[in-house]
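So, in structure tokens, the structure goes:
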């Protein structure tokens, strides 16, 4: 594994940040999509004789992805198998889980993190500290146990800010399972004038 290890170290020195260019329409937030993550690493990998492969493995309730680096010498390194349950047992649910799994498996295997495109990467300046944003004050919430409980909490939200705080408390599976409920409640809140209150 000496050749691929040497090549991977050289490639990693040339990795770019995964730019947050995609928008989540439900909460107007930016994120680094799969294409941005691949774009951040594939040129550097290929320039050092490494192919990037993401293969699927059997999974009963979701998808399992393995990010694999294959050197031109024939040596390989695996990033391990990353499993993501499908929120819905239909093609759309599996497609969403697959994209999510590929993105996070790739970022983990390459050691990259999403970064805003503020043009600093071009001049290699140290990153600026982000302004600190204080979330709306709310009493601490009990751990969320079920989708039914989440649905009740969504219905009690009176502002977009409250919906965003609740969404951030959930794990990715809960977020995916309740996304439609969040969207409907957001539309109701906006219609009643609670978008900025």
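Numbering (our numbering), first residue to last: 156 to 352.
Heads up, the beta-carbon is just placed ideally off N, CA and C, and yes, glycines get one too.
Practice item. Note down, one range per segment and in chain order, each beta strand (DSSP E) of at least 3 residues found wholly within the region 213 to 272. Key: Counting whole runs of 3 or more residues, the region 213 to 272 contains the beta strand (DSSP E) stretches 217 to 226 and 231 to 240.
**Study point:** Buried/exposed call for residue 340, threshold 16 Cβ in 10 Å
**Key:** Position 185 of the chain shown, counted from the first residue, corresponds to residue 340. Here residue 340 is buried. Its C-beta has 16 or more other C-beta atoms within 10 Å.
Practice item. Assign residue 381 to one of two classes, buried (16 or more other C-beta atoms within 10 Å of its C-beta) or exposed (fewer than that). Key: Because the chain is modelled from 156 through 352, residue 381 falls outside the range shown and cannot be assessed.
Point to revise | Coil, strand or helix - residue 338 by DSSP | key: Stepping through the chain shown from its first residue, residue 338 is reached at position 183. Here residue 338 sits in helix by DSSP.
**Study point:** Cβ shell of residue 157 (< 7 Å), same chain only, five flanking positions each side left out
**Key:** Stepping through the chain shown from its first residue, residue 157 is reached at position 2. Correct list: empty, nothing qualifies.
Check your understanding: Got a sec, what are the start and stop residues for the beta strand (DSSP E) residue 185 sits in?
Key -> Residue numbering aside, residue 185 sits at position 30 when the chain shown is read from its first letter. Per DSSP, residue 185 belongs to the beta strand (DSSP E) from 184 to 186.
Check your understanding: Since residue 327 is in the alpha helix (DSSP H), which residue starts that stretch and which ends it?
Key -> Counted from its first residue, the chain shown places residue 327 at position 172. Its alpha helix (DSSP H) spans residues 327 to 332.
Review point. Can you tell me where the alpha helix (DSSP H) with residue 161 in it begins and where it stops?
Key: Locating residue 161 in the chain shown gives position 6, where the first residue counts as 1. Residue 161: member of the alpha helix (DSSP H) spanning 157 to 168, first to last residue.
Review point. With 16 as the cutoff for other CB atoms within 10 Å, does residue 208 come out buried or exposed?
Key: Counted from its first residue, the chain shown places residue 208 at position 53. Its Cβ having fewer than 16 others within 10 Å, residue 208 is exposed.
Check your understanding: If you draw a straight line from the C-alpha of residue 343 to the C-alpha of residue 174, how long is it?
Key -> Walking along the chain shown from the start, residue 343 turns up at place 188. Walking along the chain shown from the start, residue 174 turns up at place 19. In a straight line, the C-alpha of residue 343 is about 32 Å away from that of residue 174.
Check your understanding: If you draw a straight line from the alpha carbon of residue 227 to that of residue 234, how long is it in whole angstroms?
Key -> For this step, residue 227 is matched to residue 72 along the chain shown. For this step, residue 234 is matched to residue 79 along the chain shown. So the two alpha carbons sit approximately 18 Å from each other.
Check your understanding: Buried or exposed: residue 202, going by 16 or more other Cβ atoms within 10 Å of its Cβ?
Key -> Along the chain shown, one-based indexing puts residue 202 at 47. Note on residue 202: under 16 other CB atoms within 10 angstroms of its CB, so exposed under the neighbour-count rule.
Exercise for review: Using 10 angstroms around the beta-carbon of residue 358, count the other beta-carbons present and answer buried if the total reaches 16, otherwise exposed.
Suggested key: In the structure as shown, the chain starts at 156 and stops at 352, and residue 358 therefore has no counterpart that could be examined.
Exercise for review: Go through its chain and collect everything with a Cβ distance to residue 279's Cβ below 8 Å, but skip five positions before and after it.
Suggested key: Here residue 279 is taken as the residue at index 124 of the chain shown, counted from 1. The pLDDT assigned to residue 279 is 45, lower than 50, so where the model puts this residue is not dependable; a value taken from the coordinates is nonetheless given after this. Non-local C-beta neighbours of residue 279 in its own chain, meaning closer than 8 Å and more than five positions away in sequence, are absent.
Check your understanding: Beta carbon of residue 309, beta carbon of residue 333: below 8 Å?
Key -> Locating residue 309 in the chain shown gives position 154, where the first residue counts as 1. Locating residue 333 in the chain shown gives position 178, where the first residue counts as 1. Residue 333 sits close to residue 309, with the two beta carbons spaced by under 8 Å.
Review point. In the DSSP assignment, what are the bridge partners of residue 316?
Key: The residue labelled residue 316 in the question sits at position 161 within the chain shown. Within the DSSP bridge table, the entry for residue 316 names no partner.
Review point. Taking the alpha-carbon positions, what's the residue 176 to residue 250 distance?
Key: The sequence position of residue 176 within the chain shown is 21, counting from 1. The sequence position of residue 250 within the chain shown is 95, counting from 1. C-alpha separation (whole angstroms): 20 Å.
Review point. When the distance is taken between beta carbons, is residue 256 closer than 8 Å to residue 220?
Key: For the purposes of this step, residue 220 is taken as the residue at position 65 of the chain shown. For the purposes of this step, residue 256 is taken as the residue at position 101 of the chain shown. Yes, these two residues count as a Cβ contact at 8 Å.
Check your understanding: How many Å lie between residue 319 and residue 242 at the Cα?
Key -> Along the chain shown, one-based indexing puts residue 319 at 164. Along the chain shown, one-based indexing puts residue 242 at 87. The alpha-carbon atoms of residue 319 and residue 242 are separated by roughly 20 Å.
Point to revise | Whole-angstrom C-beta distance between residue 260 and residue 211, which should lie under 8 Å | key: Mapped onto the chain shown, residue 211 falls at position 56. Mapped onto the chain shown, residue 260 falls at position 105. With a Cβ gap of about 11 Å, residue 211 and residue 260 do not count as contacting.
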